[in-house]
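Visitor:
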Amino acid sequence: MNFAALWLAAPERLVHLGGVDVVIVALYFAMVIGIGIYLKRFATTGEDFFLAGRDMTAWIAGLSFVAANLGALELMGWASAAYQYGILATHWYWVGAIPAMLFLGIVMMPFYYISKTHSVPGYLRLRYGEGARGLSAISFAAMTVLMSGINMYSMALVMKVVLGWDINFSIWVSSLTVAIYVFLGGLLSAIFNEVLQFVLIWLGALLIPILGLIEAGGWNGMTQRIAANVGKGDYVHLWRTLGSFQDNPMGIHWTGIVLGLGFVTSFGYWTTDFLVVQRVLSARNLHAAKMAPIIGAGFKMMVPFIVILPGLLGIALLPEKLVGESVAAATGAHSYNEVLPLMLARYCGPGLLGLGITALMAGFMSGMAGNVSAFATVWTYDIYGAFIRKRAPDSHYLNVGRWCTLIGVLISIGTAYLVMQFLSIMDYVQALFSFFIAPLFGTVLLGMLWKRATSAAGFWGLLAGTLSSVGMWAWVKINPAALGIIALSPHAKDMAENMYRALWSWIICVAVTVVVSLATKPKPASELAGLVYGCTELPSERELKLTQRPIFWAAVVCAVFVILNLIFW
Amino acid sequence: MHKPGMVSIWFLIGLLLVAYGILILGAGIYEYLVPPSQPPVLAELHAGIWWGGLVLVIGVFYCWRFQPAKTK
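Now the structure itself:
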């Protein structure tokens, strides 16, 4: 979403913090920096700094796994999407996350963990060689800090609109806080703070749906009010309007949701984006590493309660009708993006308001810490350690990682100011990030499950998938009518483009990888031990009780996922 | 997770929640005694009191359950 328009549209700050609210926010900042200072003494090796000593329990790794993704822009953006598109936005939390998280835990995690890789590019080096590793490491490192800067700028705008804070103040205070605690404690500090932030996000945001449902008269009361306010009932059904592009406000077909979002985009993000995978790699053993994404999936399924439901309640309860950003900019009305702060201001008095604002800040900082710690790891191990200085003592890489954290934050700040001058950069960088996710999933998946995939195929498949994604994006930019060809329907809207572009680029990546593999010489099986299914001895779980087995809990989460989709069908 | 001498993250979370619980509960009680001129919607439910109380209880539980002496 375009937060710059939000700033232009805002007539005045949405909420006013009292003394107790300021104390709550200040305590939060003091605590996160205090945690960083405290943990510095425990981050003494590269393994401690980059992988939290590989000593996290399944619960800590699982909560951190979800929290790194639960940024403030995620909270506000999807509440806004729920206001615009209704409950369809829930797909990004359920079908767009749960199957992929379970797949990561059950199928992919053993290979990441047994290979003892430090990162996803590191796995690509072991499986395909330096070419695929270099391509993915450089693209990931660059995109991570750029995205971090964009998020930083967007968050500063939100603070400007919600609290009236100066943009420079928001950028520097929040980013330097993150820089300090990640610099000191590395991933250990980032994970500790992410768990803290996860708890605060829930405590700060949960009150809105509870009070909203009380005011609306429960779920039925809310749906009746929505029907009265918008004149139709398709805002509260997940699947029944997806039979045709024209029948739902997103302009998307169920094939786009299931294949584009649920399969390619979601699996690409949750199983290969090192920002989230790094949290799971910090687990203390393979069992914890398998359980962490499953625990994360359980919590992820509940997030719509604090994100989507407030958006729906906004449609039902807010006295004014929120409008698109361009209209808001022209008229001074509130935009869709303000629905969550508006609901917060609606119910929360002193103290609760401070907690809610702290939740938003916590979300922002957890997302940024995730970006920065992942950047530091990939830069240190997969770029600096691989191509600049190959053999150095562990203490040297530890120092490089620390300084990378600061440099990453400074680049992010620079990006934030660049975006401030040239707003269109935001759209381009967000698009750039999406180019790599889907093809990378194809490359990693084939690498783990097909032992015939060769080194050359890994590199060329990844490159072909990425370039095809760039090509389709440029095609639609030059000729908007091309969207109808890519999404296979003239009625497709913007949301559909991303899904189908991801799907095509994944197919192209897989096809090129298969063709090149069949034309080139495979690695001997002995070199694939620990990396590929069929060449890796996976530890048996037969000695474990049923309730201790990851597959059992994955089945439980899967069953709840199916039931929820049926309930809200 | 627990290196020798390391305090549990849950204990630190408990500490912060205790402080937050006291502040929110206190603000809620003050609002109950001195109602604001522009109260939020559903102010009659006194959400600050019961939500602040809940946060305080969770915080106290975490502090007790994960206190450093117990987790060493």
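Residue numbers (my numbering), protein chains in the order written: chain A, 1 to 569; chain B, 570 to 641. Heads up, the beta-carbon is just placed ideally off N, CA and C, and yes, glycines get one too. This one's a predicted model, so the numbers in the text were calculated from it and none came from an experiment.
(1) Counting only beta-carbon atoms, is Phe613/A nearer than 8 Å to chain B?
(2) For Ala598/A, does the count of other Cβ atoms within 10 angstroms reach 16, so buried, or fall short, so exposed?
(3) Just to confirm, are Gly53/A and Met291/A a CB contact at a threshold of 8 Å?
(4) Straight-line CA distance for Gly149/A to Ala359/A?
(5) Out of curiosity, what's the CA-to-CA distance linking Ala132/A and Val236/A?
(6) Taking its Cβ as the centre, do 16 or more other Cβ atoms sit within 10 Å of Asp55/A, making it buried, or is it exposed?
(7) Can you find a CB in chain A that lies within less than 8 Å of the CB of Trp633/B?
(8) Pairing CB atoms from the stretch 327 to 335 of chain A with CB atoms from the stretch 164 to 179 of chain A, are three or more of them under 8 Å?
(9) So, is the C-beta of Tyr347/A closer than 8 Å to a C-beta in chain B?
(10) Compute every distance between the C-beta of Asp21/A and the non-hydrogen atoms of the ligand MG, then say whether any falls below 7 Å.
(11) Determine, using beta-carbon pairs with one atom in the stretch 61 to 70 of chain A and one in the stretch 204 to 223 of chain A, whether at least three such pairs fall under 8 Å.
(12) Between which two residues does the alpha helix (DSSP H) containing Pro293/A stretch?
(13) For Tyr83/A and Val339/A, which I take to be in contact (beta-carbon distance under 8 Å), what is that distance rounded to the nearest angstrom?
(14) Kindly identify the DSSP beta-bridge partner or partners of Met143/A.
(15) Going along chain B, which residues have a C-beta under 8 Å from Phe49/A?
(16) Quick one: grab the DSSP three-state call for Val323/A.
(17) Return the bridge partner residues of Met56/A from the DSSP annotation.
(18) Does Ser189/A pass the burial test, meaning 16 or more other C-beta atoms within 10 Å, or should it be called exposed?
(19) At what residue ranges does the stretch 367 to 399 of chain A contain a whole run of the alpha helix (DSSP H), taking only runs of 4 or more?
(20) For Trp219/A, count the other beta carbons within 10 Å of its own beta carbon; 16 or more makes it buried, fewer makes it exposed. Which is it?
(21) When you check each C-beta in the stretch 11 to 28 of chain A against every C-beta of chain B, which residues fall closer than 7 Å?
(22) What residue range is occupied by the uninterrupted alpha helix (DSSP H) comprising Glu47/A?
(23) Give a yes or no on whether 8 Å exceeds the smallest Cβ distance from Glu613/B to chain A.
(24) Where does Val603/B land, buried or exposed, given buried means 16+ other C-beta within 10 angstroms?
(25) Excluding sequence positions up to five away, which residues of its chain have a Cβ less than 7 Å from the Cβ of Thr241/A?
(26) Met361/A touches chain B at which residues, Cβ-Cβ below 7 Å?
(27) Based on DSSP bridge pairs, tell me the residues matched to Ser335/A.
(28) Give me, in chain order, the residues of the same chain whose beta-carbon lies closer than 8 Å to that of Pro522/A; leave out the 5 immediate sequence neighbours on both sides.
(29) For Leu200/A, which residues from the same chain have a beta carbon less than 8 Å from its beta carbon, with the 5 sequence-adjacent residues on both sides left out?
(30) So, at 6 Å on beta carbons, what are the nonlocal neighbours of Ala10/A in its own chain, with the 5 sequence-adjacent residues on each side left out?
Guide: Per the coordinate set shown:
(1) Nothing about residue 613/A can be read from this structure; chain A reaches only from 1 to 569.
(2) This structure leaves residue 598/A out entirely; chain A is present only between 1 and 569.
(3) No, Cβ-Cβ distance for Gly53/A and Met291/A is not below 8 Å.
(4) Near 20 Å, if we compare the C-alpha coordinates of Ala359/A and Gly149/A.
(5) For Ala132/A and Val236/A, the distance between alpha carbons rounds to 44 Å.
(6) With 16 or more Cβ atoms within 10 Å of its Cβ, Asp55/A is classed as buried.
(7) No, no contact with chain A.
(8) Result no; under three Cβ-Cβ pairs closer than 8 Å.
(9) For Tyr347/A, the nearest beta carbon of chain B is closer than 8 Å to its own beta carbon.
(10) The ligand content of the structure shown is nil, which means the ligand MG is not present either.
(11) The answer is no - the stretch 204 to 223 of chain A does not touch the stretch 61 to 70 of chain A, with fewer than three Cβ pairs under 8 Å.
(12) Its alpha helix (DSSP H) spans residues 286 to 300.
(13) The pair is a contact, with the Cβ atoms about 5 Å apart (cut-off 8 Å).
(14) Note: Met143/A sits in no beta bridge, so no partner.
(15) Per Cβ cutoff of 8 Å: no residues; Phe49/A is ~14 Å from chain B at best.
(16) Strand.
(17) According to DSSP, Met56/A bridges with Ala283/A.
(18) Counting the other CB atoms within 10 Å of its CB gives Ser189/A a total of 16 or more, which places it among the buried residues.
(19) Within the stretch 367 to 399 of chain A, no run of alpha helix (DSSP H) reaches 4 residues while sitting entirely inside it.
(20) Exposed: under 16 other Cβ atoms inside 10 Å.
(21) Cβ contacts with chain B: Val20, Val23, Ile24, Leu27.
(22) First-last of the alpha helix (DSSP H) with Glu47/A: 46 to 51.
(23) No - not a single Cβ of chain A is within 8 Å of the one on Glu613/B.
(24) Exposed is the call here.
(25) Once the five neighbours on either side are set aside, the close Cβ partners of Thr241/A are Asp234, Asp247, Asn248.
(26) In chain order: nothing, as chain B lies at least about 14 Å away.
(27) BP columns for Ser335/A point to Val323/A.
(28) Only residues of its own chain outside the window of five on either side were considered, and among them Lys451, Arg452, Ala453, Thr454 have a CB closer than 8 Å to the CB of Pro522/A, listed in chain order.
(29) Excluding positions up to five away in sequence, the list reads Tyr28, Leu355, Thr358, Ala359, Ala362.
(30) Note that Ala10/A scores 47 on pLDDT, short of 50, meaning its location in the model is unreliable; the coordinates nonetheless yield the value given after this. Answer for Ala10/A: Val161, listed in chain order.
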